[in-house]
Amino acid sequence: MKVQSSFQIKGIVSSYPKQVILTDNMPFNSISELSIFKRKIGVLKRRSSSGKLTAKDLGTHAIKNLLDGLKWKAEEIGLLINVTQTPDYSTPGNSYLYQKELEFPDSCFLMDLNVGCTGFIQSLLIALAQGDLLNTSKIIIVCGDTDILTSTERQESNKLMGDAVCAIALEAQNKLLDYTFSFQTNGSDFQSIYSENSFARSISKDSSHLLSPVIQMNGGLIFNYITQIVIPKLKNMELSLETPSQIHFLHQPNLMYYEYIIKKMGWDFKQAPTCIQDFGNVSSAMIPLIIQKNKHLLQKNQKSLLVSFGVGLSFIAAQIELSHNLFTNEVECE
Amino acid sequence: MINKLINIIKEEFPEVIDKTKVIDQNTSIQDVIPFSSLNMAILLTCIELEFDVVIQPIELRKCNTFEDLYQIILSFST
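Those sequence lines, one after another, are chains A and B. If you want my numbering, it's the 1-based position in the first sequence plus 1067. If you want my numbering, it's the 1-based position in the second sequence plus 20.
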């Protein structure tokens, strides 16, 4: 799908807790199990808020730093899209909390998306389409989660998911820019990754489960989705692109699936940077976090392919031109 | 071909498979690789990469020996 928009990403700020959890210090049944986990899942350490910081807390730091870095004023923001599966409250969404705390104007259009790993690219597509419609020149996207698998009693079992939130700034340019998107959604397999014990469906059964929104994953169905949907859609998309992508910013649910996709697509590992080793799977914050950490790879007039898949099940990819002058920063929070 | 399968699996699990241990078609898979969800995911992924065959976890669980697994791969290949 070709999209033209005047908006371009101008900056990315990542925010994550100061606390580092080392995989070596996590409980495993044996040394060999630990070794296989590190080699195949790839998480060597990750950041954890331990319940002390929410996605909204991290997002607030990220947005403040982004606005300061770009010398933008909150009153200039015409659209704020918040993406998280771990909002402070079931209602209202975090976007309204950001508006109050950061003093976004009452004319700012607020939007909250309850989406997983594909959330950043989904929100990017929405921002590109909505920005011109709303006649604004500045947009903020904020995406990420905290404690997604780690209700208090389950923190010991979480070895995969890390905590991080990214704030992304988009600004209108004087010309239309070309973007290409590809997406697929598959709600019929929603139980492949889902949180059974939360919100209204759970309240109707037993409200005591509400404090345990542990996400369940069916690895077999997720792998099927990668082989049957993600790879064919990516191959079709590559065939349709006028200019090949030089860099691939690929979601990493684990190192094994990341490597599998790179090999199947015939991509260069050096042009597909990772962050799962140091941050774990950080859901919708992963793609902007990888971009922020690898800004040095960006060159002028270069196309990048952003690819993500996960909760839904869903897949989305976008070919975009990321400016080598992108403002990037990171904030450690405690 | 079955030797290729055995060698690939040996390479995927250096932590749990003793290099000196003789593994043949009649060896029980679960005797050398515990069927944890992670180990099964590793098996499914490497089989797809090497043989271009997507096997479901339930089919993998039915396999007792390496020969059983090899036959499943063959059945999906044709």
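Every residue, glycine too, gets a C-beta built ideally from N, C-alpha and C. Computed from a predicted structure; not experimentally measured.
Report the option in the options whose CA atom is closest to the CA atom of residue i.
i       : options                            : result
A:Q1313 : A:S1262, A:Q1338, A:I1289, A:I1208 : A:Q1338
A:L1288 : B:Q91, B:P77, B:R81                : B:P77
A:T1247 : A:D1124, A:E1168, A:L1372, A:Q1166 : A:L1372
B:Q45   : B:S95, B:N27, B:L69                : B:N27
A:T1251 : A:K1167, A:K1205, A:K1085, A:L1301 : The sequence as given places Gln at residue 1251 of chain A; Thr does not occur at that position. When each option's Cα is compared against that of A:Q1251, the closest is A:L1301.
B:F106  : B:E31, B:V73, B:T85                : Missing from the structure shown is residue 106 of chain B; chain B here goes from 21 to 98 and no further.
A:N1285 : A:F1257, A:Q1295, A:T1294          : A:F1257
A:F1176 : A:E1168, A:Y1163, A:L1169          : A:Y1163
Give me the Cβ distance between residue i and residue j, rounded to the nearest whole Å; I'm assuming they're in contact under 8 Å.
i       : j       : result
A:L1380 : A:S1259 : 5 Å
A:L1244 : A:S1073 : 7 Å
A:I1108 : A:I1383 : Contact flag wrong, Cβ pair sits at about 23 Å.
A:K1085 : A:E1401 : 4 Å
A:G1126 : A:N1092 : Actually they are not in contact, since the Cβ atoms of A:G1126 and A:N1092 sit about 28 Å apart, beyond 8 Å.
A:I1144 : A:F1171 : 5 Å
A:G1229 : A:R1113 : 3 Å
Decide if residue i is buried, meaning its Cβ has at least 16 other Cβ atoms within 10 Å, or exposed.
i       : result
A:L1306 : exposed
B:N59   : buried
A:G1118 : exposed
A:S1218 : Its pLDDT being 49, under 50, A:S1218 is placed unreliably by the model, and nothing is read from it.
A:Y1083 : buried
B:V42   : exposed
A:Q1240 : exposed
B:Q50   : exposed
A:G1254 : exposed
A:N1158 : Checking the sequence, you will find Thr at residue 1158 of chain A rather than Asn. Per the 10 Å Cβ criterion, exposed.
B:I53   : buried
A:T1310 : exposed
B:K24   : exposed
B:A61   : buried
A:E1220 : With a pLDDT of only 47 at A:E1220, under 50, the local geometry of the prediction cannot be trusted, and the value read off the model is given with reservation. So A:E1220 counts as exposed.
A:N1225 : buried
Measuring CB to CB, does residue i end up less than 9 Å from residue j?
i       : j       : result
A:I1357 : A:L1389 : no
A:I1079 : A:T1395 : yes
A:I1343 : B:E35   : no
A:M1178 : A:L1133 : no
A:V1297 : A:C1210 : no
A:D1135 : A:A1352 : no
B:L89   : B:F55   : no
At a cut-off of 8 Å, is residue i close to the ligand NAP when judged by its beta-carbon and the heavy atoms of the ligand?
i       : result
A:L1201 : Only the bare structure without any ligand can be found here, which leaves the ligand NAP out of the picture.
Worksheet item: Counting Cβ pairs, one atom from each stretch, are 3 or more of them under 8 Å apart for the region 1312-1327 of chain A and the region 56-67 of chain B?
Response: yes
Practice prompt. Tell me, please, whether the region 1176-1186 of chain A touches the region 1364-1378 of chain A by the rule of three or more beta-carbon pairs shorter than 8 Å.
Written response: yes
Worksheet entry | Residues of the region 1309-1323 of chain A whose Cβ lies closer than 9 Å to any Cβ of chain E, in chain order | The displayed structure is made up of protein chains A and B, and chain E is not among them.
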